[in-house]
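Participant: End of the sequence shown sits at 626 in our numbering; the numbers just go up one at a time, nothing left out.
We put the CB at the ideal spot given by N, CA and C, even for glycine.
This structure is a prediction, so every number in the text was calculated from the model and none was measured.
First the structure, then my questions, so here it is.
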Amino acid sequence: MCPLCYIGCMVRHRSAVVPPEVSATLRQARKARDMTMDRAAKAARISASLWTQVESGVQYKRGAKVPASTTAETLQAMAEAVGVDPAPLLEQAGLERVESGSVGDAESIVNLAGLSEQDLRQIAVYVNGFRAARNL
Numbered sequence: 491m492c493p494l495c496y497i498g499c500m501v502r503h504r505s506a507v508v509p510p511e512v513s514a515t516l517r518q519a520r521k522a523r524d525m526t527m528d529r530a531a532k533a534a535r536i537s538a539s540l541w542t543q544v545e546s547g548v549q550y551k552r553g554a555k556v557p558a559s560t561t562a563e564t565l566q567a568m569a570e571a572v573g574v575d576p577a578p579l580l581e582q583a584g585l586e587r588v589e590s591g592s593v594g595d596a597e598s599i600v601n602l603a604g605l606s607e608q609d610l611r612q613i614a615v616y617v618n619g620f621r622a623a624r625n626l
């Protein structure tokens with residue numbers, strides 16, 4: 491059964507409803523590592539509110555309580571942050587594993603052509619600050 495469509499289907503979705511077993515596995519692994527949700531979210535490089543939604547299996551849209559959904563990238567990052575093999579969780583959610591670096595090379599993400607030297611220096615300062623913050 492497809493966790494997004496709630497029927498048998500052959501489609502791999504970009505996002506999917508988080509099955510309760512996946513939420514429970516993430517919660518158990520996080521607690522086993524004695525991590526707070528905030529710390530786990532930082533390790534996964536996602537917001538604490540997103541971590542809470544996926545782990546609880548609930549999110550609010552337009553004031554209504556609905557099942558939480560997530561992407562393969564997020565679920566994979568969360569599993570890795572708490573030391574769990576993401577493959578079974580992705581399969582349970584009906585998502586495919588995302589290969590590292592599959593986004594593309596830097597030039598296809600940001601085009602810096604035509605920027606002045608001063609602009610490039612400011613970007614370099616920002617990137618270095620961003621890298622330092624991620625390594626906290």
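So, at 6 Å on beta carbons, what are the nonlocal neighbours of residue 517 in its own chain, with the 5 sequence-adjacent residues on each side left out?
Facilitator: Closer than 6 Å at the Cβ level, and outside the excluded window around residue 517, lie 545.
Participant: Per DSSP, what kind of secondary structure is residue 567 in: helix, strand or coil?
Facilitator: Three-state DSSP puts residue 567 in a helix.
Participant: Between the region 551 to 565 and the region 508 to 516, do at least 3 Cβ pairs fall closer than 8 Å?
Facilitator: They touch, by the three-pair rule.
Participant: Quick check on residue 554: does DSSP put it in helix, strand or coil?
Facilitator: Looking at residue 554 - three-state DSSP - the assignment turns out to be strand.
Participant: For the beta strand (DSSP E) containing residue 512, list its first residue and its last residue.
Facilitator: Residue 512 -> not in any beta strand (DSSP E); alpha helix (DSSP H) instead, spanning 510 to 522.
Participant: Specify the secondary structure class of residue 539 as computed by DSSP and reduced to three states.
Facilitator: Residue 539: helix per DSSP, three-state reduction.
Participant: Taking only the alpha-carbon atoms, compute the straight-line gap between residue 604 and residue 610 and give it to the nearest angstrom.
Facilitator: Rounded to whole angstroms, residue 604 to residue 610 spans 10 Å at the Cα level.
Participant: Return the CA-CA distance between residue 581 and residue 563, expressed in angstroms with no decimal places.
Facilitator: Rounded to the nearest angstrom, the two C-alpha atoms are 13 Å apart.
Participant: Leaving out five residues on either side along the sequence, give the residues of the same chain with a beta carbon under 6 Å from the beta carbon of residue 520.
Facilitator: Hits under 6 Å: 530 and 572.
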